[in-house]
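The structure appears below as structure tokens.
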Amino acid sequence: MVGFNSENRNAIDVKYICQICNLILRNPVQLDCGHRFCSSCLDTEYQASIACHQCQRVTSTNNTFYDRGIQNDMEKLSINCYACRWSGLFKNYEEHLTKYHLNASHKSKIKNNIMFQLKLLTEKFRELSTNLRILKAITQQLVNQSALYQLGTEEKIPSVENIHQNQTNVSAHNGILLWRINNIKDRSNNSESATSPPFYTSLDGYKLCVRLYFNGNDTDQSTYSSIFIVLMRGDYDAILDWPFNYQVIFCLYNLINQDNHIIESFQPDINLKAFQKPQSDMNVGCGISKFIPRTLFEQENNSFIHDDSIYIKVMIRKNPIANFILPYVMKIDLAWPIYIQEEIIQELIQRYPIQSFKLSLTFKSSTL
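Numbering follows the UniProt record's numbering, in which position 219 of the sequence shown is assigned residue number 219; successive positions increment by one, without gaps.
Right, here's the structure in full:
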């Protein structure tokens, strides 16, 4: 049992206070160093020696003794009961507690435990409230992004022959196009071209589309397929900065091995007509003449084609991404929200310095 509690405990001389339980000494025991503690607080029954809690001096258990002198002095102390209005001498205090407050110590422990549990619950509530606010913010952000995607998918494609294909395409307003191209074998054999749905750098940004020429351009015909970015006339061209000067990134997905994507990028030459403000429905195209080897479409069971379809990702970046970072960017899970993908890209950009880009620009008429 620990020492005695009292209403005026803080006013009592510290020499009468146990430095372990911080209560008035009960059956005071003195150590060699002169400091005193409650006999129950020292627990001398199972220890050969005791280190003083105040000065750390070690005393043999056999040298500890009940301090009758300090006990006699304590009996003259004036005490105010912590549980009622009783006041009197310390020598009568234990009898008062036994008679009127036998369970007071238990009640005090229960009260302390309740207060501790209440504190824990309060802290947990604050933590959950914070997490709830974060979840609400994320939910609202996802709702806003969903609205952007819906606006993108409502874009109508005028070419009747590509309606079926375009049902699987996503027309977005964030500078990213994920383009699925169907009927690869027939298109390749017939030397056709494919045109993506329009997409935008932002809701009021540049309007673009992509063209893939399966048989390449004139100089590389039948060797490589070529891919071009085409600036289109948009509703907000009058308030946009010209010439167009965003980085253009193309990626043909390897559907089996992420380390073998075909990735090309270039930074526009702002002196070229292809990147000036469109004066007609669309400018001439500009891009990569040697993008995909033609032999790829002739291979059986190759890792770039699935169900006679290929997948090309196009990214338009105001802030360029270094070429050597692009393979890591193209490994980012497409199922993640766009803002999370962008956070990962920014971490990669900050981790590595921007390097100069090798440009390989070619031109081809892009009249639909």
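By construction, the Cβ of each residue, glycine as well, lies at the ideal position given by its N, Cα and C atoms.
The alpha helix (DSSP H) enclosing residue 338, as first and last residue numbers
338–351
In chain order, which alpha helix (DSSP H) runs of at least 4 residues are fully inside the UniProt domain "MATH" (174–316)?
184–189
Could you please give me the residues that DSSP links to residue 28 through a beta bridge?
38
Residues in the same chain with beta-carbon distance under 8 angstroms from residue 13, minus the five sequence neighbours each way, listed in chain order, please.
none
Cross-strand partners of residue 66 (DSSP beta bridge)
29
Let me know the secondary structure DSSP gives residue 137 once reduced to three states.
For residue 137, the three-state secondary structure derived from DSSP is helix.
Would you mind sorting residue 241 into buried or exposed? The rule is 16 or more other CB atoms within 10 Å of its CB.
exposed
Report yes if the C-beta distance between residue 181 and residue 280 is below 8 angstroms; otherwise report no.
no
How about residue 20 and residue 37: do their beta carbons lie closer than 8 angstroms?
yes
Would you check if the distance between the CB atom of residue 208 and the CB atom of residue 227 is smaller than 8 angstroms?
no
So, at 6 angstroms on beta carbons, what are the nonlocal neighbours of residue 51 in its own chain, with the 5 sequence-adjacent residues on each side left out?
58
What three-state label does DSSP hand residue 147 in the structure shown?
helix
What is the DSSP secondary structure of residue 129, counted as helix, strand or coil?
Secondary structure of residue 129 (DSSP, three-state): helix.
Beta-bridge partners of residue 83, as assigned by DSSP
Residue 83 pairs with nothing; no bridge assigned.
Just to confirm before moving on: does the CB-CB distance between residue 253 and residue 313 stay below 8 angstroms?
Pairing residue 253 with residue 313 gives a Cβ-Cβ distance under 8 angstroms.
Using alpha carbons as the reference points, say which of 322, 10, 210 and 351 lies closest to residue 80.
10
Helix, strand or coil: how does DSSP classify residue 329 here?
In the three-state scheme derived from DSSP, where H, G and I count as helix and E and B as strand, residue 329 is classed as helix.
Under 8 angstroms, with one C-beta from each stretch per pair, do the region 342–352 and the region 311–325 reach the 3-pair mark?
yes
Ordered along the chain, which non-local residues of its own chain (more than five positions away) have a Cβ less than 6 angstroms from that of residue 158?
Low local confidence applies: a pLDDT of 45 at residue 158 is under 50, so the model's placement there is unreliable, with the coordinate-based value given in what follows. Here the set comprises nothing.
Run through DSSP, which three-state label would residue 14 get?
helix
Measuring CA to CA, which of 307, 87, 54 and 277 is closest to residue 6?
87
Quick one: using the 10 Å Cβ neighbour count with 16 as the cut-off for buried, is residue 16 buried or exposed?
buried
From the DSSP output, in three-state form, read off residue 114 for me.
helix
Cα separation between residue 63 and residue 32?
7 angstroms
Spatial distance of residue 91 from residue 40 (CA atoms):
19 angstroms
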